[in-house]
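Colleague:
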Amino acid sequence: MFKIQIRSPAGLGDKTGSTFDASWKILEDAIEMIFSGRSSELSFEVLFRTVYSVVLRKQGEQLYERIHDAIDRKLRSVKTSSLNVKSTSLLDDILHAWNVQRESLRVISDVTMYLDKVYCKESRKPFVYDMGIDLFHNIIMKSSKDQLYGLIMGQINNARQSIADVDFQQLKYLVEMMETVANTSDTYFLAEFEPFLLRETQAFYSRVAEEYEGELFTYPSTVETLLTKEQEIDAKFLGDSVRLKISKEIRGALISENIQFVGMQVLPSILDSNRFTELKLLFELCDNSNDRKKIWKHLSQCITKEGLNINEDLTLKKKSQVAVRWIAEVIKLNEKYEGFFNTLPTSEPNGLKYINEATSAFLNQNGKTSAEYLAIYIDSMLRLPSEEGDMTKDRLGKSVKVFRLLRQKDVFEKLYHQQLSKRLLQQRSSLESEKNFLAIMEEEAGAMFALKPDGMFRDLLLSQSNNQKFRQSYNVPFEFEMSVLTSTCWPFQQTSSEKEVALPPALEKLKLDYENYYLKAYSGRALKWAYHLGSIEIGFQFSKSYHIITMPVFAAIILMLFEDYDELNMQEIFDLTHIPEQELMRNLLTIAVAPKTRLLKKQPLSKRILPTDRFRLNYSFSAPTTKVKVLAILYKGDFDGQFNPRSSDSLQDLAKERIRCVEACIVRALKFATKMYHDPLYQKVRENLANRFEVSSTMFQKSLDKLLEREYVQRDPDECTLYHYLP
């Protein structure tokens with residue numbers, strides 16, 4: 001049996017120091033040869049065995065420090081002899097030093113593999129290769145950092161300005177170098193150079209924005225061109241992630257930090273020149289929601305300003321023409337921006353809200369005029385011939401959008417009802433078109449909007465049936481249409497006079513016959529005749545021509561007097577007809593003073609009607625058409641008892657009606673809740689009446705005070721802001 005004894009290698013004892021020095025001399029000479037590019041002359045087997053022996057003798061720490069110092073000395077020598085921070089060739093010199101360092105470290109790390117595996121791992125030291133890279137960073141890169149960064153940025157900015165040829169391959173190698181060098185937990189590029197690159201990029205493009213001298217409306221295209229060019233440049237030496245960051249910095253410098261310039265100058269210029277492709281591009285360039293929100297706000301202000309600049313064309317003779325032109329321009333403006341909105345991606349859901357708010361802002365700055373013009377516009381559309389049905393339907397649909405943006409919807413409602421009644425009585429539109437439009441408005445404004453119009457339609461249909469039955473039961477000597485109107489549905493004030501108007505005998509008989517028929521058919525009802533709403537058609541042979549004249553009933557009564565009289569003064573006409581004085585003067589002005597409808601001759605010929613003025617039939621009257629329509633002129637101070645949003649009386653009536661609406665809304669809210677505090681009650685009322693008009697705090701308080709006074713509502717004895725419903 002053999003006994004095995006393990007002994008230390010001969011000669012190790014106290015000769016350890018001299019043995020290490022000998023081993024280090026071999027390795028030191030080898031490192032020098034490697035850095036000199038003579039690694040092919042070395043025996044890697046000998047070098048590896050030498051490192052192995054040193055580590056095995058527990059001298060790894062000494063060896064590691066010696067290698068560190070050797071590489072340190074070499075790099076400091078390179079820094080002193082080969083790098084001139086003031087030289088334009090610094091980038092080439094650093095790249096050369098980097099390539100030598102990296103290749104040398106690769107060879108050295110092959111030799112020191114055992115040192116890495118044993119000593120470095122156990123001691124948690126960087127491997128020799130990584131340690132060498134760190135030394136390159138600390139000695140070469142740190143000392144020339146400012147010059148290195150400056151030269152790189154100079155090259156990049158030259159490329160941006162196209163003022164010199166740029167060696168992109170060199171830039172790419174420099175970036176790769178910085179991405180290889182570590183800095184704490186990240187690469188040198190990410191930790192140090194990238195933040196610098198982004199800051200300098202932001203500063204460069206901020207200067208570009210400040211020095212911009214091109215056309216304002218081409219600014220978005222210029223930004224896009226700069227972005228495209230930057231992407232082309234960066235793709236030659238930078239990775240995807242940093243390119244995205246650079247793009248964001250450019251947008252920030254040219255758009256975000258410049259948002260006031262973009263919103264206050266660029267945007268108006270784009271809109272003034274109608275360059276909506278530039279506008280769309282501007283939104284695409286805003287890569288964050290905050291920027292887009294600011295652009296939308298500026299755009300909203302521009303739309304409002306543009307809307308306020310829509311002038312009323314006062315050169316037009318008729319108010320209806322002014323209104324139609326103005327509303328058409330409003331619709332055109334709204335459509336223009338809605339069309340633009342539809343070209344944007346679905347990521348802009350609030351854009352339409354900004355457009356509508358802007359349109360509403362300028363519409364409601366015009367107050368009641370906008371509501372009046374919209375009502376006139378719709379009236380004009382519904383009066384168009386049926387052949388233009390599709391176009392009319394389209395325009396009416398667009399007008400509903402305008403209605404949606406009005407705040408004073410109750411003003412529009414009154415005017416619409418008023419004009420609807422005239423169209424129906426004058427048969428100036430089709431019942432089907434009226435019903436179709438009303439259905440749209442009912443859906444938009446609620447059932448209350450259609451309540452009175454539905455009553456008007458019922459009255460007319462019932463009147464048609466009654467007229468047919470009347471003609472079958474009585475001998476009617478001429479064409480006759482009678483409309484029986486329910487007073488609560490039709491927006492007309494009843495005329496009152498001390499005496500009943502005296503009709504010509506034929507008309508008087510017809511009137512009595514119809515009353516007799518109607519009262520038999522509907523017992524318990526009473527008819528009150530509204531002559532001011534009717535018209536009569538008379539055919540007459542004048543000296544030169546025959547004309548069929550359609551005129552108001554009062555005008556026809558006056559004209560028919562001259563079948564029996566050659567000449568009458570105003571007082572005599574009044575005594576014979578009992579027409580109310582104001583109506584008499586209006587109709588005399590219409591048929592004796594108005595140039596185109598002068599059916600009577602007046603002595604003296606003046607624009608005023610006096611009791612002593614004398615009238616006779618104007619046989620010399622002529623007109624270019626056989627059919628002549630006589631429209632009663634508007635007498636000073638008279639509005640036919642109808643709602644006029646510009647008159648003080650109508651405004652007072654409107655204010656009273658609004659107070660009544662607010663009172664009713666308060667009562668409904670309290671009846672449902674039994675008690676409510678002041679502020680929630682006010683908000684509830686505002687919300688409920690928002691589709692009709694804006695409820696001001698003053699209007700609300702006034703209504704509430706009236707209800708408290710009339711004891712519909714009671715204030716809580718302990719809390720003055722709490723109100724109770726009183727059943």
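In UniProt numbering, the protein residues as written are 1 to 727.
Glycine residues also receive a C-beta, built at the ideal position from the N, C-alpha and C atoms.
The structure displayed is predicted, hence computed values, not measured ones.
#1: Taking the alpha-carbon of Gln603 as reference, which of Lys74, Phe615, Asn138 and Gly132 has the nearest alpha-carbon?
#2: Looking only at C-alpha atoms, which of Leu420, Gln161 and Ala358 sits nearest to Thr201?
#3: Are Met177 and Phe193 closer than 7 Å when you measure CB to CB?
#4: Is it right to say Lys409 is buried, meaning 16 or more other beta carbons lie within 10 angstroms of its own, or is it exposed?
#5: What does the alpha-carbon distance come out to for the pair Glu284 and Phe340?
#6: Any idea what DSSP makes of Ser370, helix, strand or coil?
#7: Taking the C-alpha atoms as reference points, what is the distance between Asn342 and Asn436?
#8: Ordered along the chain, which non-local residues of its own chain (more than five positions away) have a Cβ less than 7 Å from that of Ser39?
#9: If you drop the 5 nearest sequence neighbours on each side, which residues of the same chain put their C-beta closer than 7 Å to that of Leu227?
#10: What residue ranges within the stretch 648-678 form continuous beta strand (DSSP E) runs of no fewer than 3 residues, ordered along the chain?
#11: Less than 7 Å separating the beta-carbons of Val411 and Lys452?
#12: Using the beta-carbon count (16 or more within 10 Å), is Gly13 buried or exposed?
#13: Can you have a look at Glu498 and say buried or exposed, based on whether 16 or more other CB atoms are within 10 angstroms of its CB?
#14: Suppose you measure from the CA of His547 to the CA of Ala371; what does that come to, to the nearest Å?
#15: Among Gln301, Ser300, Glu537 and Tyr377, which one has its Cα closest to the Cα of Ile331?
#16: Could you pull the start and end residues of the alpha helix (DSSP H) that His298 belongs to?
#17: Since I believe Leu90 is in contact with Gln147 (beta carbons under 8 Å), could you give me their beta-carbon distance rounded to a whole number of angstroms?
#18: Tell me the residue span of the alpha helix (DSSP H) that contains Leu91.
#19: So is Gly637 buried or exposed if we call it buried at 16+ other beta carbons inside 10 Å?
#20: Helix, strand or coil: which one does DSSP assign to Phe693?
#21: Flag this pair as touching only if the stretch 217-236 and the stretch 275-289 have three or more C-beta atom pairs under 8 Å; answer yes or no.
#22: Give me the Cα-Cα distance between Phe48 and Tyr114, rounded to the nearest whole angstrom.
#23: If contacts are defined as beta-carbon pairs under 8 Å, then Leu374 and Val402 qualify, I think. What distance do you get, rounded to the angstrom?
#24: I'd like the list of long-range same chain contacts for Arg362, defined as Cβ closer than 7 Å, with 5 residues on each side in sequence excluded.
#25: In whole angstroms, what separates the C-alpha of Lys25 from that of Ile152?
#26: My assumption, with CB atoms under 8 Å, is that Tyr205 sits in contact with Leu254. Please give the rounded CB distance.
#27: By alpha-carbon positions, which one of Cys286, Tyr416 and Lys684 ends up nearest to Met381?
#28: Is it buried or exposed, Leu519, if we count other Cβ atoms within 10 angstroms and call 16 or more buried?
#29: Return the first residue and the last residue of the alpha helix (DSSP H) that Lys601 is part of.
#30: Would you be able to state if there are at least three C-beta pairs under 8 Å between the stretch 693-704 and the stretch 658-668?
#31: With contact counted as at least three CB pairs below 8 Å, one residue from each stretch, are the stretch 582-594 and the stretch 540-560 in contact?
#32: Secondary structure at Gly539, three-state DSSP: helix, strand or coil?
#33: Taking Ile31 and Val128 to be in contact with their CB atoms under 8 Å, please state how far apart those CB atoms are, rounded to whole angstroms.
#34: Using the Cα positions of Leu27 and Thr50, report the straight-line distance between them to the nearest angstrom.
#35: To which residues does DSSP link residue 746 through a beta bridge?
#36: Is there contact here, the stretch 716-723 with the stretch 677-688, by at least three beta-carbon pairs under 8 Å?
Modeller: Short version:
#1: Locating residue 603 in the sequence shown gives position 603, where the first residue counts as 1. Here the closest residue by C-alpha is Phe615.
#2: Within the sequence shown, residue 201 is the residue found at index 201, counting from 1. Taking only the C-alpha atoms, the option nearest Thr201 is Gln161.
#3: Indexing the sequence shown from 1 puts residue 177 at position 177. Indexing the sequence shown from 1 puts residue 193 at position 193. Not closer than 7 Å, so no.
#4: Counting from one through the sequence shown, the residue named residue 409 turns up at place 409. Lys409 is buried by the Cβ-count criterion.
#5: Working through the sequence shown from its first residue, we reach residue 284 at position 284. Working through the sequence shown from its first residue, we reach residue 340 at position 340. Roughly 13 Å separates the two Cα atoms.
#6: Along the sequence shown, read from residue 1 onward, the residue named residue 370 stands at position 370. Reduced to three states, the DSSP call for Ser370 is helix.
#7: In the sequence shown, residue 342 corresponds to position 342, counting from 1. In the sequence shown, residue 436 corresponds to position 436, counting from 1. Computed Cα separation, rounded: 28 Å.
#8: As a working note, residue 39 is residue 39 in the sequence shown. Taken in chain order, the residues that qualify are Met33 and Val107.
#9: Looking up residue 227 in the sequence shown gives position 227. Only Ser247 and Ile250 meet the Cβ criterion.
#10: 675-677
#11: Counting from 1 along the sequence shown, the entry for residue 411 is found at position 411. Counting from 1 along the sequence shown, the entry for residue 452 is found at position 452. It is not a contact, given that the beta carbons lie outside the stated cut-off.
#12: In the sequence shown, the residue the question calls residue 13 occupies position 13. Note that Gly13 has pLDDT 39, beneath the 50 cutoff, so the model's placement of it is unreliable and the number below is only indicative. It is exposed - the Cβ of Gly13 has fewer than 16 other Cβ atoms within 10 Å.
#13: One-based indexing of the sequence shown puts residue 498 at position 498. Because the pLDDT at Glu498 is just 42, under 50, the model does not fix this residue reliably, and the value given afterwards should be weighed accordingly. Exposed.
#14: By one-based count along the sequence shown, residue 547 stands at place 547. By one-based count along the sequence shown, residue 371 stands at place 371. C-alpha separation (whole angstroms): 39 Å.
#15: Position 331 of the sequence shown, counted from the start, is the residue given in the question as residue 331. The candidate whose alpha carbon is nearest that of Ile331 is Tyr377.
#16: Residue mapping note: residue 298 aligns to position 298 of the sequence shown, counting from 1. That run of the alpha helix (DSSP H) goes Ser289 to Leu308.
#17: Counting from one through the sequence shown, the residue named residue 147 turns up at place 147. Counting from one through the sequence shown, the residue named residue 90 turns up at place 90. Rounded, the Cβ-Cβ distance is 6 Å, consistent with contact.
#18: Within the sequence shown, the letter at position 91 stands for residue 91. Element bounds for Leu91: Leu90 to Val111.
#19: What you label residue 637 is simply residue 637 of the sequence shown in a count that begins at 1. Because the pLDDT at Gly637 is just 43, under 50, the model does not fix this residue reliably, and the value given afterwards should be weighed accordingly. By the 10 Å Cβ count, Gly637 comes out exposed.
#20: Walking along the sequence shown from the start, residue 693 turns up at place 693. Coil.
#21: They touch, by the three-pair rule.
#22: In the sequence shown, residue 48 corresponds to position 48, counting from 1. In the sequence shown, residue 114 corresponds to position 114, counting from 1. Approximately 8 Å, taken between the alpha carbons.
#23: Along the sequence shown, one-based indexing puts residue 374 at 374. Along the sequence shown, one-based indexing puts residue 402 at 402. So it is a contact: roughly 6 Å between Cβ atoms.
#24: Position 362 of the sequence shown holds residue 362. A small correction: the amino acid at residue 362 is Phe; Arg does not occupy that position in the sequence shown. Thr304, Gly307 and Leu308.
#25: Counting from 1 along the sequence shown, the entry for residue 25 is found at position 25. Counting from 1 along the sequence shown, the entry for residue 152 is found at position 152. Approximately 41 Å, taken between the alpha carbons.
#26: One-based indexing of the sequence shown puts residue 205 at position 205. One-based indexing of the sequence shown puts residue 254 at position 254. Yes, they are in contact, since the Cβ atoms of Tyr205 and Leu254 sit about 6 Å apart, within 8 Å.
#27: Within the sequence shown, the letter at position 381 stands for residue 381. Among Cys286, Tyr416 and Lys684, the Cα nearest to that of Met381 is on Tyr416.
#28: For the purposes of this step, residue 519 is identified with residue 519 of the sequence shown, where counting begins at 1. That one is exposed.
#29: Here residue 601 refers to the residue found at position 601 of the sequence shown. Per DSSP, Lys601 belongs to no alpha helix (DSSP H); it is in the beta strand (DSSP E), Leu600 to Gln603.
#30: Judged by Cβ distances under 8 Å, the stretch 658-668 makes contact with the stretch 693-704, as three or more pairs qualify.
#31: yes
#32: Within the sequence shown, numbered from 1, the residue matching residue 539 stands at position 539. In the three-state scheme derived from DSSP, where H, G and I count as helix and E and B as strand, Gly539 is classed as strand.
#33: Translated into positions along the sequence shown, residue 31 becomes position 31. Translated into positions along the sequence shown, residue 128 becomes position 128. Actually they are not in contact, since the Cβ atoms of Ile31 and Val128 sit about 10 Å apart, beyond 8 Å.
#34: The residue labelled residue 27 in the question sits at position 27 within the sequence shown. The residue labelled residue 50 in the question sits at position 50 within the sequence shown. Going by the C-alpha atoms only, they are around 8 Å apart.
#35: This structure gives no information on residue 746, because the portion of the chain shown stretches from 1 to 727.
#36: yes
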